[in-house]
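Each remark here refers to the structure printed beneath this line.
Chains as they are written, first to last, in the working numbering: chain A, 4 to 167; chain B, 34 to 219; chain C, 53 to 169; chain D, 763 to 1202.
Printed below as a string of structure tokens:
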């Protein structure tokens, strides 16, 4: 029983997609189910995912030039790791374009605080329940979210110096 | 008294030379270190490629006590105002050394987050290219700086990036064409 | 009277040196005062509180203790000059003096004045 | 009624204690730190956005500027992640070379970290000894890769060039010199009263807090948890090398110093084992041999005498780094759609030329299948993971770096609050924050 099968069996209705690619199990779930899944992964003794290794997001706007269809635009990707069982798990949360919002995991794992601030800063995805969701990498006066696919790479908003 | 070259009579030219000589061998540098060039700056300061042989071995971490501003490593848009404030708070006579290609022209980080060359915000005296420049390059840059100090020159003037000391306005534009993502229609 | 001339010259030389070093930059170094240059330096950012605000009392205590032991040190200098001629009597006298100050040190340590609580 | 107010102090971006790019807003009660707010992002250079605008092989120069103190580990991490995406395996000798260079790069990282911490505590000579030791290792790296710091040496499917001739015994000599320096520094620092008191019980963190913050690497091992990616999920050939994972007990600065010193010893031991076990392939050094000048080969090609060309070697233009076919098979995976052909084939015959063309032309390049892969590697500060999403075209869709020192910086207030203002310096030194990796 790999962790992915346990999660699938537990949260069957919530799961949009689940597949294995190059040995990595990944499950895509709806945004509403995230807190329950995270609680489940952390508390159940035989899973015991005590490490939230990485939390990031991917923007699938116009993915692969339109050849591969994607119903949703954003995916927030969580990488979990268990120290005791030494196994890994990837949970992806699908978010559409209109109001990308997902629950915050700050109270389960302390590192989620900064990761979520960075995802908000780079992608503009809101995290409900985050203590202070400010920008972490860019400066406050920056407009827009740079890692979105529709933000051109060298559109500068300089604080001082020439306005190029 | 900015030393002028036009009709420097015997006394002032001798004094300028003496001043230049004195300043040349006692460079107190403010290492404004941010990124990978910092590693080569450490190597240049350490005993193998010793910078102290040229009198520049003593970094001062306050702009009040330093006369050369070593800008080492990429300058992002967020830290540009800090660099400008530190430059303004340095006492005269002051020189600026752009250490590494990120400070000279922004290097290969032609994106929304990087200042493409610090001479768009402060006047620069010596450009040391290289990513990171080898310690020998740095020492060569230092010697060129010393010659400039000996002659008493200083890249002066308001840093109006478009006209006096900044690069020509054309060069200011985001001149990399290839790296740009064509605007995607959803 | 003659031997005091040395001290006078030392005094004058000190003043002369101070005055010269303070005025030379006025002539030789270029002056470009600017509003940014006059603001206090706080690592390149706008300072939160301008200097001259209130300081905690611990600094004051540590400063006072330093003064006490520094003055004691100053009294040792004249003794060092006539150390040979005073002989054992001088030593005893100074031992008493230093003893009192060390007593003070123990009192300070017991009262935890140097701790930073 | 006396009203006491704490003092807000800016230990700002351009400060020697914060290595130049971190801003700490400290709430001080005299000398005691009551509150810390960490502000980062002063060296954000948009690594992830730049990787989306260049092809896969062009990402390597960006990766060695992530953790620029141990650049080779980033290269290896990125290459392994793309190779996992492609599902290819690389020859054994290339694996050994990658491990050797990674371990040398890890030692330079620890040397810089401990040297900088000691210098900030006033031990100037230890800094100079450590920089001297780092110069020895930079010489080794420079022999193989050509550059001291920004090496861009690893390629997808192998490495750029083989080890140079006589690299093994030169490496043994250098490792011995570095060991001498480590012994000297150990004598200088470990029993030094000032160093000991400044580092003991300063910046402590408990194992539960470390796990909750997702901290890995020497910072976690100093709290007693022996988690090391090279042992937990061994990649390349770490399962063949015997090395142990040093751990501390209390999780304070002194334990992190001991863990890093012991790890350097382990890394040097690993390099020596690798140099003994490495399968000998032809060394790139000897360029002589019966080779036909390129011009003469072209004439014979025009006249159709091309059967025996494949085996013949061609004197390529000396500026083209000479012959690469000799060691080609040993250090590159035999995949035509991934790895560039050897120099002789590119200039010698039409198959090599077409292969080279297909790989370097814009739009054709190396196209992994659409999908995503996450590959964790043991960086110098902790687990360095590359999460790459590809859309089947030649440019990566998304490259995400899991920065090891990001989690440690998030836990910095935990280590600082309660300490004195002067404890900021050794704690920040032992955090070994590298801005390139933190702000990407």
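All C-beta atoms in this analysis are idealised placements derived from N, C-alpha and C, irrespective of residue type, glycine included.
{"Item": "DSSP state of residue 55/A, grouped into three classes?", "Value": "strand"}
{"Item": "Do we get a CB-CB distance below 8 Å when we pair residue 1166/D with the residues of chain B?", "Value": "no"}
{"Item": "Is the separation between the beta-carbon of residue 899/D and that of residue 940/D shorter than 8 Å?", "Value": "yes"}
{"Item": "Beta carbons nearer than 7 Å to chain C: which residues of the stretch 140-153 of chain B have them?", "Value": "none"}
{"Item": "How many whole angstroms separate the CB atoms of residue 188/B and residue 156/B, which I take to be in contact at a CB cut-off of 8 Å?", "Value": "4 Å"}
{"Item": "Tell me, to the nearest whole angstrom, how far the beta carbon of residue 1100/D is from that of residue 848/D; I am working on the premise that it is less than 8 Å.", "Value": "6 Å"}
{"Item": "How many angstroms separate the CA atom of residue 137/C from the CA atom of residue 777/D?", "Value": "55 Å"}
{"Item": "Applying the 10 Å Cβ sphere with the 16-neighbour rule, what's the burial state of residue 955/D?", "Value": "exposed"}
{"Item": "Cα-Cα, which of 121/C, 110/C, 64/C, 106/C is closest to residue 769/D?", "Value": "106/C"}
{"Item": "How close, in whole Å, do the beta carbons of residue 56/A and residue 970/D come, if the pair is a contact with beta carbons under 8 Å?", "Value": "Incorrect: roughly 17 Å between the Cβ atoms, too far for contact."}
{"Item": "Go ahead and label residue 63/B buried or exposed: buried means 16 or more other beta carbons lie within 10 angstroms of its beta carbon, across all protein chains shown.", "Value": "buried"}
{"Item": "Please classify residue 150/C as buried or exposed, where buried requires at least 16 neighbouring CB atoms within 10 angstroms.", "Value": "exposed"}
{"Item": "Run through chain D and tell me which residues come within less than 9 Å of residue 100/C, C-beta to C-beta.", "Value": "769, 770, 771, 772, 787"}
{"Item": "Could you check if residue 68/B is buried or exposed, using at least 16 other CB atoms within 10 Å of its CB as the buried criterion?", "Value": "buried"}
{"Item": "Counting only Cβ pairs nearer than 9 Å, list the residues of chain A close to residue 113/B.", "Value": "161, 162, 163, 164"}
{"Item": "To the nearest angstrom, report how far apart residue 881/D and residue 79/B are at their CA atoms.", "Value": "12 Å"}
{"Item": "Report the residues of the stretch 85-117 of chain B with a CB closer than 8 Å to any CB of chain A, ordered along the chain.", "Value": "110, 111, 113, 114, 117"}
{"Item": "Thinking just about the alpha-carbon of each residue, which of 1064/D, 795/D, 927/D is nearest to the one in residue 1110/D?", "Value": "1064/D"}
{"Item": "In this structure, what does DSSP give as the bridge partners for residue 160/B?", "Value": "131/B"}
{"Item": "State the beta-bridge partners of residue 772/D as determined by DSSP.", "Value": "787/D"}
{"Item": "Please work out which residues of its chain come closer than 7 Å, Cβ to Cβ, to residue 93/C, disregarding the five sequence neighbours upstream and downstream, and give them in chain order.", "Value": "none"}
{"Item": "May I have the straight-line CA-CA distance separating residue 39/A from residue 75/A, to the nearest angstrom?", "Value": "21 Å"}
{"Item": "Pair every Cβ in the stretch 916-923 of chain D with every Cβ in the stretch 1093-1107 of chain D, then say whether three or more of these pairs are closer than 8 Å.", "Value": "yes"}
{"Item": "Please report the distance separating the alpha-carbon of residue 1126/D from that of residue 68/A.", "Value": "15 Å"}
{"Item": "Could you pull the start and end residues of the alpha helix (DSSP H) that residue 1039/D belongs to?", "Value": "1015-1039"}
{"Item": "Tell me the DSSP bridge mates of residue 22/A?", "Value": "29/A"}
{"Item": "Please name the residue, chosen from 113/A, 163/A, 152/A, 36/A, that lies closest to residue 127/A on a Cα-to-Cα basis.", "Value": "152/A"}
{"Item": "Drop a sphere of 10 angstroms on the beta-carbon of residue 135/A, count the other beta-carbons inside from all chains shown, and report buried for 16 or more, exposed for fewer.", "Value": "exposed"}
{"Item": "Mind reading off the beta-carbon distance from residue 1128/D to residue 1168/D? Whole number of angstroms is fine, and I expect it under 8 Å.", "Value": "Going by Cβ atoms, the distance from residue 1128/D to residue 1168/D rounds to 29 Å, so no, they are not a contact pair."}
{"Item": "If I follow the unbroken alpha helix (DSSP H) through residue 160/C, where does it start and stop?", "Value": "135-162"}
{"Item": "What does the alpha-carbon distance come out to for the pair residue 779/D and residue 1182/D?", "Value": "14 Å"}
{"Item": "Closer than 7 Å: is that where the CB of residue 923/D sits relative to any heavy atom of the ligand GTP?", "Value": "In the structure on display, the ligand GTP does not appear, and there are no ligands present to speak of."}
{"Item": "Thinking C-beta only, is residue 997/D closer than 8 Å to residue 1161/D?", "Value": "no"}
{"Item": "Quick one: Cα of residue 1184/D to Cα of residue 1119/D, how far?", "Value": "59 Å"}
{"Item": "Per DSSP, what kind of secondary structure is residue 94/B in: helix, strand or coil?", "Value": "coil"}
{"Item": "Less than 8 Å separating the beta-carbons of residue 71/A and residue 30/A?", "Value": "no"}
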